[in-house]
Each structure stands twice: as C-alpha cells, then as structure tokens.
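K.L.:
For the record, in the sequence shown the residue sitting at position 33 is 72 according to the numbering used here, with numbers rising by one throughout.
Just so it is clear, CB atoms sit at the ideal spot from N, CA and C, and this is done for glycine as well.
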Amino acid sequence: MSDARWHEVDNDVRSAVRHFSMAIRLHEKRDSCKDDFEEYQVCMALMHAMHAGHTSFEKAMMRILDMLQEERPTGESWHMDLIYRVSHALQDRPAILDPGLGKAANETRAFRNLANRGYDTFSLERCTPAISAARVLMHGLPKAISDFRSLVDPPESDGSGDGSEGGTSGEPS
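(1) Helix, strand or coil for Leu-129? Go by DSSP, reduced to three states.
(2) With DSSP as the reference, label Leu-107 as helix, strand or coil.
(3) Helix, strand or coil for Pro-193? Go by DSSP, reduced to three states.
(4) My guess is that Ala-169 and Glu-146 are in contact by the Cβ rule of under 8 Å, so how many angstroms apart are they, rounded?
(5) Which residue marks the beginning of the alpha helix (DSSP H) containing Ser-54, and which one marks its end?
(6) Tell me, to the nearest whole angstrom, how far the beta carbon of Gly-92 is from that of Leu-140; I am working on the premise that it is less than 8 Å.
(7) What does a CB cutoff of less than 7 Å around Gly-202 pick up in its chain, not counting 5 residues either side in sequence?
(8) Using the Cβ count rule (16 or more neighbours within 10 Å means buried), how would you classify Ser-95?
(9) Going by DSSP in three states, Cys-72 sits in which element: helix, strand or coil?
(10) Anyone know if the C-beta pair for Met-100 and Ala-154 falls short of 9 Å?
(11) Going straight from the alpha carbon of Glu-47 to that of Ala-134, what length do you get?
(12) Mapping the DSSP letters down to three states, classify Thr-113 as helix, strand or coil.
(13) Counting along the chain, where does the alpha helix (DSSP H) carrying Glu-146 start and finish?
(14) Below 9 Å between beta carbons: does that hold for Phe-161 and Cys-72?
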C-alpha cells in the first residue's frame, strides 16, 4: 500500500494523544481550583480536551478504514460500532486495536457523549474512569497504529537488503 494517507493518520493520533494528555493535566489540576469560576474553567476545558481527543481518535480510525477500502459504520450507533469494528479482526485484516485499547476508546466515547449532552450535570468526580481510559490510549494508541501499519503496509523491499527498493544505487526504482 505505502499510502501517503498514513501521514494524516499519524497527525490524528498525535492530536488525540495531545488532547488526552491535556485532559489528564486538567484533571490533576482540579483540586487546586480556588473558586467556582476556576473550577468551571477546568471542567469546560477538560470536557473539550476529552471531546477533541476522542474525535481525533475516530478520525484516525476512519482514515485507516478508508485506506483499506472498508466501509465505515453507519447508523445511529456508528461511533460505538467503529470501536467494535477496529477492535476485532475481520476476514481480510487483523484488529487495529487490542481489547484493552478498544475498551479505553469505548470509555472516552461514552465520556464524549456525556460532554455533548450532560454538561450541566457534569462533575469532575464522574470523569475518573474516562481519564484512566485517556491515559491508556495516550500510551498505547501510537504503538498500536504503528504495529498495525507494519502488518498491512510493510516497508517495500526488493529483498536485496541494500535499501534501494529495486533500483540501482542513487537512481529511483
């Protein structure tokens, strides 16, 4: 495949990691809030960071499905179906995520739903499981994508071991 779209996948993964990392830092800051306004700022920023992190994760997964020419999930539950699909091997491809990463992604998906619909009832105490899941994704997602890419899109080689990929030294292949 050697698809240039891996560049966008990598950018989406970096974005997810960055947003999840910031959400974790905001969650750690929650106890140092001096007043209601500061707590409000932390809550809103944390919800947005988690939302952006999960959205970036979804974008990466959908780009991978597009590269594989695999139909995206549709319907009301497509967000949940996407996580299920990428967490399981199909007949023609291995799973993109292991079960632990799939479980973590489902937790951040559920939190994003809360952030979208329940922000008036949001409390920092309720987000601890999602923060733990964000930490799992932050540490595991880049390697999972790299490992998957190695399986479905290995580096091209002509087997000579000279790195020329079939060309002669200094000339394109």
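P.N.:
To lay it out plainly:
(1) By one-based count along the sequence shown, residue 129 stands at place 90. It is a strand residue.
(2) Counting from one through the sequence shown, the residue named residue 107 turns up at place 68. Correct three-state label for Leu-107: coil.
(3) The residue you call residue 193 lines up with position 154 of the sequence shown. Residue state, collapsed to three classes: coil.
(4) Looking up residue 169 in the sequence shown gives position 130. Looking up residue 146 in the sequence shown gives position 107. With 8 Å as the limit, Ala-169 and Glu-146 qualify as a contact, their Cβ atoms being about 5 Å apart.
(5) Residue mapping note: residue 54 aligns to position 15 of the sequence shown, counting from 1. 45-68 is the span of the alpha helix (DSSP H), which, as asked, contains Ser-54.
(6) For the purposes of this step, residue 92 is taken as the residue at position 53 of the sequence shown. For the purposes of this step, residue 140 is taken as the residue at position 101 of the sequence shown. Not confirmed; about 13 Å, so no contact.
(7) As a working mapping, residue 202 is identified with position 163 in the sequence shown. Because Gly-202 sits at a pLDDT of 47, beneath the cut-off of 50, its placement in the model cannot be relied upon, and the following sentence gives the value as read from the coordinates. Taking Gly-202 as the centre and dropping the five residues before and after it, the same chain places no C-beta closer than 7 Å to its C-beta.
(8) As a position in the sequence shown, residue 95 is number 56, starting the count at 1. Counting Cβ neighbours within 10 Å, Ser-95 comes out buried, since at least 16 surround it.
(9) For the purposes of this step, residue 72 is taken as residue 33 along the sequence shown, with counting starting at 1. Cys-72 falls in the coil class under three-state DSSP.
(10) One-based indexing of the sequence shown puts residue 100 at position 61. One-based indexing of the sequence shown puts residue 154 at position 115. No, these two residues do not count as a Cβ contact at 9 Å.
(11) As a working mapping, residue 47 is identified with position 8 in the sequence shown. As a working mapping, residue 134 is identified with position 95 in the sequence shown. Each residue's alpha carbon lies about 20 Å from the other.
(12) Reading the sequence shown from its first residue, position 74 is the one you call residue 113. Of the three classes helix, strand and coil, the one that applies to Thr-113 here is coil, per DSSP.
(13) Within the sequence shown, the letter at position 107 stands for residue 146. From DSSP, the alpha helix (DSSP H) with Glu-146 extends over 138-156.
(14) As a first step, residue 161 is located in the sequence shown; it is residue number 122 there, counting from the start. As a first step, residue 72 is located in the sequence shown; it is residue number 33 there, counting from the start. Going by C-beta atoms, Phe-161 is not nearer than 9 Å to Cys-72.
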